[in-house]
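Visitor:
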Amino acid sequence: MDHFTYKDGHLHAEDVSLRDIAAAVGTPFYCYSTATLTRHYQLFTQALSPMPHLVCFAIKSLSNVAVLKTLGNLGAGMDVVSGGEYLRARAAGVSGDKIVFSGVGKTRDEMALALNGGIRQFNVESEPEMRALSEVALSLGKVAPITIRVNPDVDAKTHEKIATGKKENKFGIPISRAVEVYAEAARLKGLRVVGIDVHIGSQLTDLAPFAEAYQKVADLTVLLRAQGHTIERLDLGGGLGIPYTRGNEAPPLPADYGALIQRTLGHLGCEIEIEPGRLIAGNAGILVSKVIYVKSGEEREFLILDAAMNDLVRPSMYGAHHDIEPVVQPAPAHDRASYDVVGPVCETGDTFAKARALPHLAEGDLVAFRSAGAYGAVMASEYNTRPLIPEVLVQGDQFAVIRARPSFDEILKRDTIPVWL
Ligand code: LLP
């Protein structure tokens with residue numbers, strides 16, 4: 515469920531008309547709904563309520579500090595994967611003891627930043643990383659709390675670019691070597707083992723791979739405890755999928771996911787941490803764009819928008835589908851046209867949708883890409899020197915620009931000319 519609906523003939527974000535936001539900030543822009551972010555976060559806390567838990571929002575999916583503050587104020591923890599994300603979480607007022615640090619290539623500088631600033635745990639992904647972290651912690655006179663990310667060799671049945679739990683993937687240590695690696699971790703003076711971490715992939719639309727992975731984590735918990743390790747937290751990663759095609763898909767609900775966690779791991783008495791990104795942010799955001807031209811090709815009609823692959827890369831990168839809706843509500847029985855929806859970037863890959871059936875649209879019309887809150891703004895670039903587009907947050911009948919569109923002056927100023935030129 516989300517809070518983007520037609521009211522009085524226009525698409526609204528909560529009680530604000532997107533036409534009004536477009537008039538105020540120009541297009542294209544991202545727009546997020548506070549009510550949807552809140553609802554999605556609370557679905558997870560409710561789903562996990564029978565167990566001690568912390569829902570750590572995966573900042574990589576949507577990292578604007580205002581969004582993080584919205585979630586942080588509700589009590590959310592944060593999952594970060596870089597020093598920059600750590601600083602974003604802190605800037606949003608989230609305390610270090612609610613931040614987990616994931617990622618396959620944390621640098622020593624990033625480790626020191628988090629150790630000095632305060633951190634709940636590092637999710638360690640390899641033996642060299644574990645040794646480096648111990649050294650960094652000792653050099654600072656600290657002890658780093660860690661989990662070790664195990665790779666359970668489970669097929670997440672998702673897009674190959676976002677599956678992470680198979681043995682050929684770069685993530686975690688093979689679960690078959692966990693005993694050995696935990697034994698070494700226990701010997702390293704700068705580390706304190708607190709639990710186990712697992713994350714098998716993103717946009718999972720079936721609970722079976724989670725069940726398989728979590729069962730393996732349950733068995734491993736028993737095994738490691740028997741060897742004297744303290745396993746008091748289980749970080750289960752993120753990955754629960756969302757419907758991208760409205761009315762057509764019904765991925766599992768957070769409540770079902772929570773029940774599965776309870777069933778497979780509840781008896782162990784551990785604190786459960788999860789790291790959802792997409793399910794909280796995805797359908798809490800849209801991208802609004804304007805039709806620049808409608809161009810008739812020899813075989814196709816092209817809808818050329820002012821948004822492009824640099825603003826929302828998911829269609830060209832993963833072949834992802836995003837529903838597109840006109841901001842002006844179409845008449846109940848309207849004719850449809852078939853459009854190739856494209857951006858202005860000089861690449862054929864700059865295509866959002868092919869042969870998409872949409873109401874007839876004309877120059878100047880506004881359209882909204884649905885489900886663009888997660889992995890939208892955060893993956894944007896300035897390719898073709900197109901400024902990063904603004905982000906807007908709505909709450910009830912208010913809206914605020916939470917990241918402004920940079921001016922060309924600001925963009926050009928970042929380049930510097932060497933003395934010899
Ligand atoms: N935890 C870890 C360790 C992760 O690697 C990820 C996502 C998450 C949590 C959050 O997963 P989520 O709940 O959002 O599925 N750019 C791609 C998605 C990449 C996901 C990377 N890792 C996309 O646009 O589909």
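Each number in our numbering corresponds to the 1-based position in the sequence shown with 514 added.
Every residue gets a Cβ at the ideal spot worked out from N, C-alpha and C, and that includes glycine.
Among Gly796, Thr899, Pro829, Phe685, which has the Cα closest to the Cα of Ser575?
Guide: It is Gly796.
Visitor: Only counting runs of 3 or more residues, tell me where the beta strand (DSSP E) segments fall wholly within the segment 548 to 596, in order along the chain.
Guide: Segments of the beta strand (DSSP E) lying fully in the segment 548 to 596: 567 to 572, 591 to 594.
Visitor: Heavy atom of the ligand LLP less than 7 angstroms from the Cβ of His554, yes or no?
Guide: Outside the cutoff, so no.
Visitor: Reducing DSSP to helix, strand and coil, say where Gly811 ends up.
Guide: It is coil, neither helix nor strand.
Visitor: Taking 8 angstroms as the CB-CB limit, is Lys620 close to chain D?
Guide: Of the chains in the structure shown, none is chain D; there is only one protein chain.
Visitor: Please identify the residue among Gly591, Pro829, Asp529, Ala537 whose C-alpha is closest to the C-alpha of Gln556.
Guide: When only C-alpha atoms are compared, the closest one is Gly591.
Visitor: Could you give the uninterrupted runs of the beta strand (DSSP E) lying entirely in the segment 726 to 783, keeping only those of 3 residues or more?
Guide: With a minimum length of 3 residues, the continuous beta strand (DSSP E) runs that stay inside the segment 726 to 783 are 747 to 749.
Visitor: Put Asn898 into one of helix, strand or coil per three-state DSSP.
Guide: Three-state result, Asn898: helix.
Visitor: Cβ of Glu789 within 7 angstroms of any heavy atom in the ligand LLP?
Guide: Under cutoff, so the answer is yes.
Visitor: Among Asp864, Asn665, Val892, Val594, which one has its Cα closest to the Cα of Gly632?
Guide: When only C-alpha atoms are compared, the closest one is Val594.
Visitor: List the DSSP bridge partners of Ala912.
Guide: Reading the sequence as shown, one finds Gln at residue 912 and not Ala. Paired residues: Gln909.
Visitor: Should the segment 865 to 876 be called in touch with the segment 539 to 553, which here means at least 3 C-beta pairs below 8 angstroms?
Guide: Counting Cβ pairs under 8 angstroms, fewer than three are found: no touch.
Visitor: Grab me the residues of Met726's own chain with a C-beta within less than 8 angstroms of its C-beta, minus the 5 sequence neighbours each way, in chain order.
Guide: In the sequence under discussion, the amino acid at residue 726 is Glu, which differs from the Met named in the question. The residues are Pro666, Val668.
Visitor: If distances are taken between C-alpha atoms only, which option among Lys675, Arg828, Pro566, Val859 comes closest to Tyr758?
Guide: Answer by Cα proximity: Arg828.
Visitor: Is Thr940 close to the ligand LLP? I mean its beta-carbon at under 7 angstroms from any heavy atom of the ligand.
Guide: Nothing in the structure corresponds to residue 940, since the chain is present only between 515 and 935.
Visitor: Tell me whether Arg828 counts as near the ligand LLP, meaning its Cβ is closer than 7 angstroms to at least one heavy atom of that ligand.
Guide: Result yes, Cβ under 7 angstroms from the ligand LLP.
Visitor: So within the segment 522 to 551, which uninterrupted beta strand (DSSP E) runs reach at least 3 residues, ignoring any that extend past its ends?
Guide: If we require 3 residues or more, the beta strand (DSSP E) runs fully inside the segment 522 to 551 come out as 524 to 527, 543 to 547.
Visitor: In chain order, what residues of the same chain have a beta carbon less than 8 angstroms from the beta carbon of Ile818, not counting five sequence neighbours either side?
Guide: These residues qualify, in order along the chain: Val805, Ile806, Tyr807, Val808, Lys809, Val856, Gly857, Pro858.
Visitor: Looking at the unbroken beta strand (DSSP E) that takes in Pro659, where does it start and where does it end?
Guide: Run containing Pro659: 658 to 665, per the beta strand (DSSP E) assignment.
Visitor: Can you tell me which of Phe518, Lys583, Phe816 puts its alpha carbon nearest to the alpha carbon of Glu877?
Guide: When each option's Cα is compared against that of Glu877, the closest is Phe816.
Visitor: Let me make sure I understand the geometry here. Which of Lys612, Met644, Gln635, Tyr600 has the alpha-carbon closest to that of Glu624?
Guide: Cα-wise, what sits closest to Glu624 is Tyr600.
Visitor: To the nearest angstrom, how far is it from the Cα of Gln776 to the Cα of Ile714?
Guide: Their Cα atoms are separated by approximately 18 angstroms.
Visitor: Out of Ile756, Leu582, Asn683, which has the shortest C-alpha to C-alpha gap to His836?
Guide: Measuring from the Cα of His836, the nearest candidate turns out to be Ile756.
Visitor: Counting Cβ pairs, one atom from each stretch, are 3 or more of them under 8 angstroms apart for the segment 834 to 851 and the segment 914 to 926?
Guide: Judged by Cβ distances under 8 angstroms, the segment 834 to 851 makes no contact with the segment 914 to 926, as fewer than three pairs qualify.
Visitor: Can you tell me whether Tyr494 is helix, strand or coil according to DSSP?
Guide: Limits of the chain in this structure are 515 at one end and 935 at the other, which puts residue 494 out of reach.
Visitor: Hey, how far is the Cα of Val802 from the Cα of Ala882?
Guide: Looking at the two C-alpha atoms, the distance is approximately 4 angstroms.
Visitor: What is the rounded straight-line gap between the Cα of Asp879 and the Cα of Thr541?
Guide: Between Asp879 and Thr541, the C-alpha separation is close to 11 angstroms.
Visitor: Considering Arg884, what are the terminal residues of the alpha helix (DSSP H) in which it resides?
Guide: Neither: Arg884 is in no alpha helix (DSSP H) and is coded neither H nor E.
Visitor: Which same chain residues end up closer than 8 angstroms to Arg688 when comparing Cβ atoms and leaving out the 5 residues on each side of it in sequence?
Guide: For clarity, residue 688 is Pro in the given sequence; the question names Arg instead. Hits under 8 angstroms: Val664, Asn665, Asp667, Lys681.
Visitor: Does the beta carbon of Leu488 fall short of 7 angstroms from some heavy atom of the ligand LLP?
Guide: Residue coverage of the chain in this structure runs from 515 to 935, which leaves residue 488 outside it and unanswerable.
Visitor: Just checking Gly523 against the ligand LLP - is the residue's beta carbon closer than 7 angstroms to any of the ligand's heavy atoms?
Guide: Gly523 Cβ: outside cutoff for every heavy atom of the ligand LLP.
Visitor: Tell me which residues share the same chain as Ala561 and place their Cβ nearer than 7 angstroms to its Cβ, disregarding the 5 neighbours each side in the sequence.
Guide: The residues are Pro768, Ala769, Tyr771, Gly772.
Visitor: From the DSSP secondary-structure annotation, give me the bridge partner or partners of Asp611.
Guide: The partner list for Asp611 (beta bridge, DSSP) is empty, contrary to what the question assumes.
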